[in-house]
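*Asks:*
Protein chains: 2
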Amino acid sequence: MTQLDDGQKVLDDAPKLGRRRDPAKDQQILDAAVEILAETGFDGMTIDMVAARAGAGKATVYRRWASKNELVLDAVACLKKNDLDTLQIPDTGTLRGDLVAMIRPPTLDDAERKLKVMAALASMLSTAPDLADAANEAIVEPRARINRMLLHRAIERGEIAPDVDVQLVALISPSMVAYHSLIQRKPVDREFLLTVIDGVILPAVGLGRATRLTTP
Amino acid sequence: MTQLDDGQKVLDDAPKLGRRRDPAKDQQILDAAVEILAETGFDGMTIDMVAARAGAGKATVYRRWASKNELVLDAVACLKKNDLDTLQIPDTGTLRGDLVAMIRPPTLDDAERKLKVMAALASMLSTAPDLADAANEAIVEPRARINRMLLHRAIERGEIAPDVDVQLVALISPSMVAYHSLIQRKPVDREFLLTVIDGVILPAVGLGRATRLTTP
DNA sequence: CATATACGGAACTCTGGAGTTCCGGATAGA
DNA sequence: TCTATCCGGAACTCCAGAGTTCCGTATATG
Chain Y
1 MTQLDDGQKV LDDAPKLGRR RDPAKDQQIL DAAVEILAET GFDGMTIDMV AARAGAGKAT
61 VYRRWASKNE LVLDAVACLK KNDLDTLQIP DTGTLRGDLV AMIRPPTLDD AERKLKVMAA
121 LASMLSTAPD LADAANEAIV EPRARINRML LHRAIERGEI APDVDVQLVA LISPSMVAYH
181 SLIQRKPVDR EFLLTVIDGV ILPAVGLGRA TRLTTP
Chain F
1 MTQLDDGQKV LDDAPKLGRR RDPAKDQQIL DAAVEILAET GFDGMTIDMV AARAGAGKAT
61 VYRRWASKNE LVLDAVACLK KNDLDTLQIP DTGTLRGDLV AMIRPPTLDD AERKLKVMAA
121 LASMLSTAPD LADAANEAIV EPRARINRML LHRAIERGEI APDVDVQLVA LISPSMVAYH
181 SLIQRKPVDR EFLLTVIDGV ILPAVGLGRA TRLTTP
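Those protein sequences? They're chains Y and F, same order as listed.
Sequential numbering of the first sequence, starting at 1, is according to UniProt numbering.
Sequential numbering of the second sequence, starting at 1, is according to UniProt numbering.
So this is what it looks like as structure tokens:
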């Protein structure tokens, strides 16, 4: 949280008289910032754009955040809260079933929006550690965490070997989806995701493709 | 090529008298542009920086390229020429041997430099098709093409099944390396690459890990 | 109703980078 | 040597965006 005042943090600071600061406006500004960020990139984004999109004045934005950098930092961190609603963890009884169940419109849309934000920040990640940490925590980790959980459950079921490199395998789909979408600029559709699951992830954990080493 | 004059293209334009335009300076400027681009990103890069790094004046830069955009476009396209020298294709007789042989300092350094350039351009890829095509042709394709070639040779040898999804498997290492380096900001060292080869790529083509389906 | 505060919006300053112009000096060809 | 051209560098103009200030209005509290 880099906001100037929360109005809630220090109750003594709350005004006794007059109009109160509207908390809903905070969220409108953050949402607008995320949208503009995804559409135009960090440098293309202007405070005027964000204010206009949020139906606010520029002064209102600066009344709540000290600078563009801090607004962006909060906007990125804000992405983390929303994914609790959209990212529901499936439990179908098989690893493939769980992975396929993750391919749903709300989950896909969430991923696509976050990917665009990541592209907007890409050039700054190496020079702005704060931002890089926020982006990692809000965009990368939630998805990887779910994948790790699905893999651990598969190990507990005895479905896959316990020596599988969970850390590595959990990053296959985030990596390949990001590359496919950001760099190759191809749509992340159901077909591509199924190809990754059946052609890369499942073989990597010992499911799905016969090996020459064990089937002479 | 978006350069204004080449001096070679139209011989009639070559001055009959006086000092000639120095072709070596073109390359110095392009090299400097790539460096600055990788260090500061597209928006952070200024023509003054490039000129200073190249030991040139800003006027000299604008004498050769009409705008910053065209300079960057040429600088990216220029990356393609250099990789012919550094990217030598190994032939060890086995797929794993070939993949491991690709892990060499010159190849790694080339990859790291190109990754930073890609990060610098990431936010513009969706809005600048010219740039996206140039980046794809200069950075993504050369590496993917080599991987596809290694896989095809493995198929011809009978080392891996002919129905392997070459297109997909060839993108595993570029994807995971890009993610590892750009987003997770971890060093792309020999150990990580070996983990990807043995833990993901080889299993995906049916080598390396026993499957439960075929070994009851 | 009275008052203190937040609001949207407009007008401002200031800074930095794109792109241009000009100059004295260097240099290759006639 | 003479001359046309290119060079590096400095000094510009122009513009967009960050951040600030001010004002008329709206509104919650007392």
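Idealized CB from N, CA, C, for every residue including glycine.
Which same chain residues end up closer than 6 Å to F/Ala154 when comparing Cβ atoms and leaving out the 5 residues on each side of it in sequence?
*Replies:* Walking along the second sequence from the start, residue 154 of chain F turns up at place 154. Taken in chain order, the residues that qualify are Leu95 and Ile160.
*Asks:* Under 8 Å by Cβ, that's how I've got F/Leu151 and Y/Arg185 pegged, so tell me the actual separation to the nearest angstrom.
*Replies:* Against the second sequence, residue 151 of chain F aligns to sequence position 151. Against the first sequence, residue 185 of chain Y aligns to sequence position 185. F/Leu151 to Y/Arg185, Cβ: 23 Å. No contact.
*Asks:* Can you name the residues of chain F whose CB is closer than 8 Å to the CB of Y/Leu125?
*Replies:* The residue you call residue 125 of chain Y lines up with position 125 of the first sequence. Those within 8 Å of Y/Leu125 in chain F are Ala119, Leu182, Ile183 and Arg185.
*Asks:* Mind checking F/Glu35: buried by the 16 CB within 10 Å criterion, or exposed?
*Replies:* For the purposes of this step, residue 35 of chain F is taken as residue 35 along the second sequence, with counting starting at 1. Label assigned to F/Glu35: buried.
*Asks:* Relative to the alpha-carbon of F/Glu141, which residue among F/Ala111, F/Asp165, F/Ser123 and F/Thr127 has its alpha-carbon at the smallest distance?
*Replies:* Within the second sequence, the letter at position 141 stands for residue 141 of chain F. Measuring from the Cα of F/Glu141, the nearest candidate turns out to be F/Ala111.
*Asks:* Against F/Asp43, what residues of chain Y qualify as contacts under a CB-to-CB distance less than 9 Å, listed in chain order?
*Replies:* Here residue 43 of chain F is taken as the residue at index 43 of the second sequence, counted from 1. Ordered by position in chain Y, the residues that pass the 9 Å Cβ test against F/Asp43 are Gly41, Phe42, Asp43, Gly44 and Ser123.
*Asks:* With 16 other CB atoms within 10 Å as the buried threshold, where does Y/Arg64 fall?
*Replies:* Residue mapping note: residue 64 of chain Y aligns to position 64 of the first sequence, counting from 1. Buried is the call here.
*Asks:* Quick one: any contact between the region 129 to 141 of chain F and the region 46 to 53 of chain F, if contact means 3 or more CB pairs under 8 Å?
*Replies:* Judged by Cβ distances under 8 Å, the region 129 to 141 of chain F makes no contact with the region 46 to 53 of chain F, as fewer than three pairs qualify.
*Asks:* Below 7 Å CB to CB, which residues in the same chain sit around Y/Ala120 once its five sequence neighbours on both sides are set aside?
*Replies:* Position 120 of the first sequence holds residue 120 of chain Y. Leu37, Ala38, Gly41 and Phe42.
*Asks:* For F/Ser181, tell me which candidate among F/Gly97, F/Ile103, F/Thr46 and F/Lys116 has the shortest Cα-Cα distance.
*Replies:* Start at 1 with the first residue of the second sequence, and residue 181 of chain F comes out as number 181. Nearest of F/Gly97, F/Ile103, F/Thr46 and F/Lys116 to F/Ser181, Cα basis: F/Lys116.
*Asks:* Counting only beta-carbon separations shorter than 8 Å, does Y/Thr94 have a partner in chain F?
*Replies:* For the purposes of this step, residue 94 of chain Y is identified with residue 94 of the first sequence, where counting begins at 1. Chain F contact via Cβ: absent.
*Asks:* For a contact meaning CB atoms closer than 9 Å, what does Y/Met176 contact in chain F?
*Replies:* Position 176 of the first sequence, counting from 1, holds the residue named residue 176 of chain Y. Here the neighbours are Leu168, Leu171, Ile172, Ser175, Met176 and Tyr179.
*Asks:* Quick one: which chain Y residues come within Cβ less than 9 Å of F/Gly199?
*Replies:* As a working note, residue 199 of chain F is residue 199 in the second sequence. By Cβ distance, chain Y contributes Val164, Asp165, Leu168, Val169 and Ala204.
*Asks:* Quick one: residues in its chain with C-beta nearer than 7 Å to the C-beta of F/Lys68, no 5 flanking neighbours on either side, listed in chain order?
*Replies:* By one-based count along the second sequence, residue 68 of chain F stands at place 68. Result list for F/Lys68: Ile47, in chain order.
*Asks:* So the candidates are F/Arg157, F/Lys58, F/Val72 and F/Asn147; which of them puts its Cα closest to the Cα of F/Leu30?
*Replies:* Residue numbering aside, residue 30 of chain F sits at position 30 when the second sequence is read from its first letter. Nearest C-alpha to F/Leu30: F/Val72.
*Asks:* Leaving out five residues on either side along the sequence, give the residues of the same chain with a beta carbon under 7 Å from the beta carbon of F/Arg190.
*Replies:* Position 190 of the second sequence, counted from the first residue, corresponds to residue 190 of chain F. Around F/Arg190: Ile103.
*Asks:* Leaving aside the five residues before and after F/Leu207 along the sequence, list all residues of the same chain whose C-beta is less than 8 Å from its C-beta, in chain order.
*Replies:* Numbered from 1 along the second sequence, position 207 holds the residue referred to as residue 207 of chain F. Closer than 8 Å at Cβ, skipping near neighbours: Leu95, Arg96, Glu159 and Ile160.
*Asks:* What in chain F is Cβ-close to Y/Ala51, meaning under 7 Å?
*Replies:* As a first step, residue 51 of chain Y is located in the first sequence; it is residue number 51 there, counting from the start. Going along chain F, no residue has its Cβ under 7 Å from Y/Ala51, so there is no contact; the nearest lies around 21 Å.
*Asks:* Drop a sphere of 10 angstroms on the beta-carbon of Y/Leu99, count the other beta-carbons inside from all chains shown, and report buried for 16 or more, exposed for fewer.
*Replies:* Position 99 of the first sequence holds residue 99 of chain Y. Label assigned to Y/Leu99: buried.
*Asks:* For Y/Gly206, which three-state DSSP category applies?
*Replies:* Within the first sequence, residue 206 of chain Y is the residue found at index 206, counting from 1. Correct three-state label for Y/Gly206: coil.
*Asks:* Looking at chain F, is there any beta carbon in it that lies within less than 8 Å of the beta carbon of Y/Ala75?
*Replies:* Numbered from 1 along the first sequence, position 75 holds the residue referred to as residue 75 of chain Y. No, its Cβ sits nowhere closer than 8 Å to a Cβ of chain F.
*Asks:* Run through DSSP, which three-state label would Y/Arg157 get?
*Replies:* Against the first sequence, residue 157 of chain Y aligns to sequence position 157. Y/Arg157: coil per DSSP, three-state reduction.
*Asks:* Among the candidates F/Asp83, F/Gln88, F/Asn147 and F/Ala178, whose CA atom is the shortest distance from the CA of F/Ala170?
*Replies:* The residue given as residue 170 of chain F occupies position 170 in the second sequence. Residue F/Asn147 is the option with its Cα nearest to F/Ala170.
*Asks:* Looking only at its own chain, which residues have a Cβ that is under 7 Å from the Cβ of F/Thr214, when we skip the five neighbours before and after it?
*Replies:* Looking up residue 214 of chain F in the second sequence gives position 214. Bear in mind that the predicted position of F/Thr214 carries a pLDDT of just 39, short of 50, making it too unreliable to give a figure here.
*Asks:* Using a C-beta cutoff of 8 Å, does F/Ala128 count as contacting chain Y?
*Replies:* Locating residue 128 of chain F in the second sequence gives position 128, where the first residue counts as 1. Chain Y contact via Cβ: absent.
*Asks:* DSSP on Y/Thr127, reduced to helix/strand/coil?
*Replies:* Within the first sequence, numbered from 1, the residue matching residue 127 of chain Y stands at position 127. Three-state DSSP puts Y/Thr127 in coil, outside helix and strand.
*Asks:* Around the Cβ of Y/Ala24, are there at least 16 other Cβ atoms within 10 angstroms (buried) or fewer (exposed)?
*Replies:* Along the first sequence, one-based indexing puts residue 24 of chain Y at 24. Classification of Y/Ala24: exposed, given that the 10 Å Cβ count is below 16.
*Asks:* Beta-carbon separation of F/Ala144 and F/Pro174 under 8 Å?
*Replies:* Stepping through the second sequence from its first residue, residue 144 of chain F is reached at position 144. Stepping through the second sequence from its first residue, residue 174 of chain F is reached at position 174. Yes, these two residues count as a Cβ contact at 8 Å.
*Asks:* Counting contacts by CB-CB distance shorter than 8 Å, is F/Ala138 in contact with chain Y?
*Replies:* For the purposes of this step, residue 138 of chain F is taken as the residue at position 138 of the second sequence. No - not a single Cβ of chain Y is within 8 Å of the one on F/Ala138.
*Asks:* With distances taken between CB atoms, is the gap from F/Val164 to F/Val177 smaller than 8 Å?
*Replies:* Position 164 of the second sequence, counted from the first residue, corresponds to residue 164 of chain F. Position 177 of the second sequence, counted from the first residue, corresponds to residue 177 of chain F. Cβ atoms of F/Val164 and F/Val177: not closer than 8 Å.
*Asks:* Could you list which residues in chain F have their beta carbon closer than 8 Å to that of Y/Ala132, in chain order?
*Replies:* The sequence position of residue 132 of chain Y within the first sequence is 132, counting from 1. Going along chain F in sequence order, the residues near Y/Ala132 (Cβ under 8 Å) are Arg185.
*Asks:* Determine whether the beta carbon atoms of F/Ile201 and F/Ile172 lie at a separation below 8 Å.
*Replies:* Stepping through the second sequence from its first residue, residue 201 of chain F is reached at position 201. Stepping through the second sequence from its first residue, residue 172 of chain F is reached at position 172. Going by C-beta atoms, F/Ile201 is nearer than 8 Å to F/Ile172.
*Asks:* Given a threshold of 16 other Cβ atoms within 10 Å of its Cβ, counted over all protein chains shown, does F/Ala59 qualify as buried or as exposed?
*Replies:* Indexing the second sequence from 1 puts residue 59 of chain F at position 59. F/Ala59 is exposed by the Cβ-count criterion.
*Asks:* Which word fits F/Val205, buried or exposed, when buried means at least 16 other C-beta atoms lie within 10 angstroms of its C-beta?
*Replies:* Along the second sequence, read from residue 1 onward, the residue named residue 205 of chain F stands at position 205. It counts as buried.
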